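Take a look at the structure below.
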Amino acid sequence: MSLLNKYLTATSDERWLLIFPSMQQTLQAQQQMEQAGLQGDFIPTPKGYGPVCTTAIVFSGLLAPEVKELMSLQSLIPTYLEPWRRRPAGPAWHEALESIKTTAYGDALLRCRDQQDWTVEEVTYLLSPPTVEDEEALRLSAEALRQETLGDVVDVRGAVEFGNICRKDCHYCGLRKSNIQLTRYRLDLEKTMQAIEDIYNMGIRTVILQSGEEQENETASIIKMIEAIKERFKLRITLSLGERSLADYKAFRQAGANNYLLRIETTDHELFSKVHPDDDLEERMQHLLWLREAGFLLGTGGLVGLPGQKVASLAQDILYWRQLGANMIGIGPFLPAAGTPLANQPAGDLAITLRVYAVTRLLCGRVFIPSTTALASLHPDGQRLGLQWGANSIMLTHTPEEVRSHYHLYKNKAKVDLDFACRSILEAKREIPAYLNWPTRK
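The sequence shown: position 300 = 301 (the working numbering), numbered continuously.
This is the structure:
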């Protein structure tokens with residue numbers, strides 16, 4: 002059954018969780034269940050059942066005897082194979098819904114805690130609050146769930162954009178290969194390591210390596226970079242390098258990379274084809290499955306406000322992310338870029354983008370949702386607002402100044418440095434992580 006259609010069938014039986022100590026065992030269990038015809042879906046491990054940014058399998062309680070027998074036959078020993086005991090709603094959740102609990106929209110928000118199967122129509126309704134009061138209840142509900150599952154500390158990660166060479170020609174992206182206005186660059190290992198050392202000295206413990214989608218003959222140099230970072234700094238590494246081969250994904254994971262971010266951008270087939278003339282939606286979905294097969298924690302996400310995009314398409318995106326069981330979901334407004342076919346199109350809408358943040362939090366639960374640089378670029382208070390609509394992390398950029406302007410994803414890109422990130426956190430009345438070395442911390 003297609004990932005885009007699996008959520009259309011409603012069920013009412015009790016859900017069970019299957020959790021293993023390693024991602025490799027989780028993948029083996031999922032493969033064995035699939036071969037046996039037993040339906041199980043990946044989800045971020047719920048609070049109380051394991052660490053954040055890990056993955057569990059959820060399945061119908063009706064299948065529990067067969068799943069138990071299968072795990073025993075395959076000598077797969079889970080840390081948890083029991084019913085999913087939902088945590089009772091906290092006071093912040095009840096406070097969020099107090100003013101609208103008798104309305105149809107309030108009823109829809111209440112169902113977000115327990116309803117397992119959603120239709121596109123239902124999620125479209127969640128994304129379209131009828132009144133200002135309903136919209137505020139949506140925000141408060143997302144914040145209540147974020148606080149309940151992840152707390153108030155905002156995770157901060159550092160990115161180095163080590164190259165802008167790209168073989169793809171996406172219509173919205175300033176790095177597209179046909180953009181002859183762009184000065185191309187690729188940092189050597191020494192300069193990349195210097196930037197990462199700065200990030201390390203800030204106290205940050207996860208670095209994100211970003212580039213355009215290069216040719217696969219760069220694989221060896223990327224592996225060398227991963228190994229050097231691990232050896233010298235012991236940092237967790239997130240890669241954002243576009244589509245690669247399964248062999249590359251496995252090699253990067255073997256070298257020590259932990260996470261991989263590959264945004265789907267949109268699950269609307271027609272819209273995807275329009276903005277990705279040399280790519281295929283089903284192929285992109287397959288790459289996300291390969292990344293999980295390679296053992297990565299999985300990041301994906303999308304654009305809000307692409308020309309021609311409908312609210313129902315955004316609802317479909319959220320359901321796909323939920324079904325995929327992504328560990329991190331990056332959501333950004335569409336921002337036009339010079340040198341692209343969409344350069345003169347209007348930017349995505351702030352209010353709609355924030356609603357996507359909130360509904361994603363409500364339906365996807367304990368996932369990492371960054372308040373993105375694109376949101377900060379759309380609006381002066383965008384990063385703070387993202388943190389007040391369900392986001393729980395920030396990615397600051399520490400690309401060397403001499404090439405920073407050449408990583409031209411879109412116009413007027415905000416400079417999110419350590420000071421900007423920490424001030425956004427404080428303005429959102431959230432907590433700066435203790436591991437950060439922020440000189441002006443009070």
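Here a beta-carbon is modelled for each residue, glycine too, at the ideal position from N, C-alpha and C.
Since we're looking at a predicted model, the values are computed, not measured.
| Check | Outcome |
| --- | --- |
| Distance between A221 and G383 (C-alpha atoms, nearest Å) | 38 Å |
| Minimum C-alpha distance to V404 - residue among Q317, T56, E219, K192 | K192 |
| CB contact flag (A392, L336, <7 Å) | no |
| Helix, strand or coil at A160 [DSSP, three-state] | strand |
| Alpha helix (DSSP H) runs contained entirely in the stretch 150 to 225, provided each spans 4 or more residues | 190 to 202 |
| For Y411 and Q182, the rounded distance between their alpha carbons | 13 Å |
| Start-end ranges of the beta strand (DSSP E) lying completely within the stretch 242 to 279, minimum 3 residues | 260 to 262 |
| Local Cβ density within 10 Å of V133, reported as buried at 16 or more and exposed below that | exposed |
| Rounded straight-line distance, which links the Cα of A344 to that of K169 | 17 Å |
| Contact between the stretch 151 to 169 and the stretch 209 to 217 (3+ Cβ pairs under 8 Å) | yes |
| Backbone CA spacing between E136 and L363 [nearest angstrom] | 14 Å |
| 8 Å Cβ shell around P45 - same chain, five flanking residues per side excluded | V53, C54, T55, T56, A57, G326, A327, N328, C365, G366, R367, V368 |
| Of the residues L320, Y321, F253, H407, the one placed nearest A295, counting alpha carbons only | F253 |
| When L146, G303, E228 are compared against A97, the one with the closest alpha-carbon | L146 |
| Limits of the unbroken beta strand (DSSP E) element including W322 | No beta strand (DSSP E) holds W322; the alpha helix (DSSP H) holding it covers 312 to 325. |
| Other residues of its chain near T408: CB distance less than 7 Å, five sequence neighbours each side excluded | Correcting the residue identity first, residue 408 is Tyr in this sequence and not Thr. So the list reads E162, N165, T400, once near-sequence residues are dropped. |
| Local Cβ density within 10 Å of D249, reported as buried at 16 or more and exposed below that | buried |
| Own chain, CB closer than 7 Å to Q148, minus 5 neighbours either side, in chain order | A93 |
| Option nearest C174 by Cα separation, candidates D420, P440, P334 | P334 |
| Residue of G41, F43, G152, Q195 minimising C-alpha distance to E402 | Q195 |
| Meets three-Cβ-pair contact criterion under 8 Å: the stretch 230 to 237 and the stretch 278 to 293 | no |
| Sequence ranges, beta strand (DSSP E) only - wholly within the stretch 339 to 372, length at least 3 | none |
| Close beta carbons around A377, own chain, < 7 Å, minus the five adjacent residues each side | G383, Q384, A415, V417 |
| Length of the line joining the Cα atoms of L139 and D108 | 11 Å |
| Close beta carbons around T150, own chain, < 6 Å, minus the five adjacent residues each side | K48, R367 |
| 4-residue-minimum alpha helix (DSSP H) runs that sit fully inside the stretch 69 to 123, ordered along the chain | 92 to 98, 105 to 112 |
| Coil, strand or helix - I227 by DSSP | helix |
| Alpha helix (DSSP H) segment containing V404, residue limits | 402 to 405 |
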